[in-house]
Amino acid sequence: KKIRTRISRIERKLLPLEEKREELEALLQDPVIISDSTRLVSLQKEHAYICQEIQEYEKTWDELAGEMDSGI
């Protein structure tokens, strides 16, 4: 049960991060943003940070799901 709670918590954290990543990816395609190098670099850094957070949460999620599947 404890593992399920942790998985649920991670899923709740992942959803807004994934939405933010999609929003940033759309902005990074915008010609107005692309022409503003300061804003572009700032958004690229934010995107990289969010992607790293998502990757860390997904790794933890996978580990917990593996523990749950193996009955640990």
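For what it's worth, the working numbering labels the leading residue of the sequence shown as 1492, then goes sequentially. The C-beta atom is built at its ideal place from N, Cα and C for all residues, glycine as well.
The Cβ atoms of L1531 and L1519 sit closer than 9 Å to each other. Here I1541 is buried. Its C-beta has 16 or more other C-beta atoms within 10 Å. In its chain, beyond the 5 residues on either side, L1555, E1558 and M1559 have a beta carbon closer than 6 Å to the beta carbon of I1494. Across the structure, P1522 and I1501 are spaced so that their CA atoms are roughly 34 Å apart.
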